[in-house]
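In order, the protein sequence lines correspond to chains U and F.
According to our numbering, the first sequence is numbered sequentially starting from 19.
According to our numbering, the second sequence is numbered sequentially starting from 19.
Take a look at the structure below.
Protein chains: 2
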Amino acid sequence: MTTAPEPIERVSAVEALLRILRARILDGELAPGSRLVERELTERFDVARHTLRAALRSLAAEGLVVIEPDRGARVKALAAAELGPLFELRTALEVEASRLALARHGGRLPATVHQAVQHLVAVCAGSPAWSAVTAAHDDVHHAIVTAAGSPRIEAAYDALAAELQVFLIQMRPEWSMPRMAKHHQTLLRDLEASGPDALRAHIADGLQSVLRASH
Amino acid sequence: MTTAPEPIERVSAVEALLRILRARILDGELAPGSRLVERELTERFDVARHTLRAALRSLAAEGLVVIEPDRGARVKALAAAELGPLFELRTALEVEASRLALARHGGRLPATVHQAVQHLVAVCAGSPAWSAVTAAHDDVHHAIVTAAGSPRIEAAYDALAAELQVFLIQMRPEWSMPRMAKHHQTLLRDLEASGPDALRAHIADGLQSVLRASH
DNA sequence: CAGCCACAGATTGTGGAATAATTCAATAAT
DNA sequence: ATTATTGAATTATTCCACAATCTGTGGCTG
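Right, dumping it as structure tokens:
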């Protein structure tokens, strides 16, 4: 018998650099709007210029970085005006994902989603760091999208979530912990009771709170 | 008085190459699955190797090209099994787009969409080349998405449409012209009468016909 | 002082070549 | 038939060079 092929991890220099830069951007170390100067980064990570440029180009395609001709790359800084369209796309993905998820599981959402919500509730009960709350919150929505079992929707959603996180990282939202918890318990109930459209209002709510937090 | 600043078009070598390669892929000259050997392409377009590699990397991020480490790039060839997930994403985008479009125009679709359908009907009436039919057909769906006025949904849809075209280019679908025309007139009526969900069945139909055509 | 110009330094865009590493196909060996 | 070996082709990465572009500074002019 043949055992299942277990591919070992081999990362090229570009790929490794890509992951590092992505992580640095997503955790806020490379702040939105900040310039990504080639010489600095090549020295810091000890890679050749072309290697760095390849990584930057991928990040640009991902939407995490903006490249302007002859002016270099900088971490993408979303303007408030761009949030609306971004949330429209998010709505498109997440509503359809929840529809698929419900259809796949006979009108209910799978245990993974329920667990994610329970975890969010548990986190909110204490007095956690905000980063822990956002992580748990993102898990909930990610669990919903994953439950759809549609890899393409999931991939698109992940890219979007990363882009949004770059924006969110620079501000403190204004949700209270108990409200965050309750809101998502309600969402879950509504989704299973009245279908995917329950997400629409929920996401709109999220946009409003983000807009308020960004003054 | 100052005239409105009109930025002139300045394309870098990478950008120019990117456009050429994209066009070659989308019109089928570079067939799905075919290898993109660096030496060949650099000689053909007289660019440096790194310039080409940068363009390929962007195309990979777009989904038109697949890059495997140490094995180079090839034009992406979609397997039939990947069509389902791709159409799920397409459904997510187009259904939400049509919802926004209807909301923006008081429950109707704007003239651009009606014109696009009329054009498709006119094209189908003759005995046109298949490429003319697909072009007119793509215009209809693109008009619907554009009518939503959501740049992010539109961008995602365009990327998807390009990816799908790479797949479709290699086969002759089996829609009859009159059926194509009638089907979209019905779609338009249903959209305005009963809302965005009318698209769901329409897209599912499209997937079925593609799957049948691909044996 | 505001605005314009010119210049120098810094940074990016592209090219070219060299070397290491990897793949792939063909052949030889077990 | 399977496994090794060999070698050519191709990709991955680096280093260097140079032109084009951007940016800030200082001086000049009105």
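C-beta atoms are modelled at their ideal positions from N, C-alpha and C, and glycine is treated no differently.
(Q) Rounded to whole angstroms, what is the Cα-Cα separation between A154(F) and H202(U)? (A) Locating residue 154(F) in the second sequence gives position 136, counting from the first residue. Locating residue 202(U) in the first sequence gives position 184, counting from the first residue. Taking the Cα positions, A154(F) is about 44 Å away from H202(U).
Q. If you compare alpha carbons, which of A115(U), R42(U), T164(U), A150(U) is closest to R190(U)?
A. Taking the first sequence and counting its residues from 1, one reaches residue 190(U) at position 172. Ranking the options by Cα distance to R190(U), first place goes to A150(U).
Q: Give a yes or no on whether 9 Å exceeds the smallest Cβ distance from T109(F) to chain U.
A: Taking the first residue of the second sequence as position 1, residue 109(F) is located at position 91. True, the Cβ-Cβ gap to chain U drops below 9 Å.
Q. By the criterion of Cβ-Cβ separation under 7 Å, what are the contact partners of H68(F) in chain U?
A. Taking the second sequence and counting its residues from 1, one reaches residue 68(F) at position 50. Going along chain U in sequence order, the residues near H68(F) (Cβ under 7 Å) are H68.
Q) How would you list, in chain order, the residues of chain U whose beta-carbon sits under 9 Å from the beta-carbon of R57(F)? A) Along the second sequence, read from residue 1 onward, the residue named residue 57(F) stands at position 39. Within chain U, no C-beta atom comes less than 9 Å from the C-beta of R57(F); the nearest is roughly 17 Å away.
Q. Thinking C-beta only, is L127(F) closer than 9 Å to I171(F)?
A. As a working note, residue 171(F) is residue 153 in the second sequence. As a working note, residue 127(F) is residue 109 in the second sequence. Contact: no.
(Q) One question on the structure: do R122(F) and A166(F) come within less than 9 Å of each other, judged by their Cβ atoms? (A) Against the second sequence, residue 122(F) aligns to sequence position 104. Against the second sequence, residue 166(F) aligns to sequence position 148. Yes, the Cβ-Cβ distance between R122(F) and A166(F) is below 9 Å.
Q) Considering R92(F), what are the terminal residues of the alpha helix (DSSP H) in which it resides? A) As a first step, residue 92(F) must be located in the second sequence, where it is residue number 74. Where R92(F) is concerned, there is no enclosing alpha helix (DSSP H), although the beta strand (DSSP E) it sits in stretches over 90-93.
Q | Endpoints, beta strand (DSSP E) assigned at V14(U) | A | Residue 14(U) lies beyond the range of chain U shown here (19 to 233); nothing can be said about it.
(Q) Starting from M198(F), trace the alpha helix (DSSP H) in both directions and tell me its first and last residue. (A) Translated into the one-based positions of the second sequence, residue 198(F) becomes position 180. Residues 195-212.
Q.
Determine whether the beta carbon atoms of S52(F) and V84(F) lie at a separation below 9 Å.
A. The residue labelled residue 52(F) in the question sits at position 34 within the second sequence. The residue labelled residue 84(F) in the question sits at position 66 within the second sequence. Cβ distance not < 9 Å, so S52(F) and V84(F) don't count as in contact.
Q: Give the DSSP-derived three-state secondary structure of L44(U) in the structure shown.
A: Indexing the first sequence from 1 puts residue 44(U) at position 26. Collapsing the DSSP output to three states places L44(U) in a helix.
Q. Taking the alpha-carbon positions, what's the R37(U) to L182(U) distance?
A. What you label residue 37(U) is simply residue 19 of the first sequence in a count that begins at 1. What you label residue 182(U) is simply residue 164 of the first sequence in a count that begins at 1. Distance between the alpha carbons of R37(U) and L182(U): 18 Å.
Q) Between L247(U) and Y175(U), is the Cβ-Cβ spacing less than 9 Å? A) Chain U is shown only over 19 to 233; residue 247(U) falls outside these bounds and no answer can be derived.
Q: Give the secondary structure of R218(U) by DSSP, where H, G and I count as helix, E and B as strand, and everything else as coil.
A: Your numbering for residue 218(U) matches position 200 in the first sequence. DSSP places R218(U) in helix when its eight states are reduced to three.
Q.
By the 8 Å beta-carbon criterion, what residues does the segment 173-184 of chain F contribute toward chain U?
A. A174
**Q.** The alpha helix (DSSP H) enclosing L118(F), as first and last residue numbers
**A.** Position 100 of the second sequence, counted from the first residue, corresponds to residue 118(F). Start and end: 98-122.
Q) Would you say G87(F) and S30(U) are within 9 Å of each other, going by their C-beta atoms? A) Here residue 87(F) refers to the residue found at position 69 of the second sequence. Here residue 30(U) refers to the residue found at position 12 of the first sequence. Rather than Gly, the amino acid found at residue 87(F) in this sequence is Pro. Their beta carbons are under 9 Å apart, which means P87(F) touches S30(U) by this criterion.
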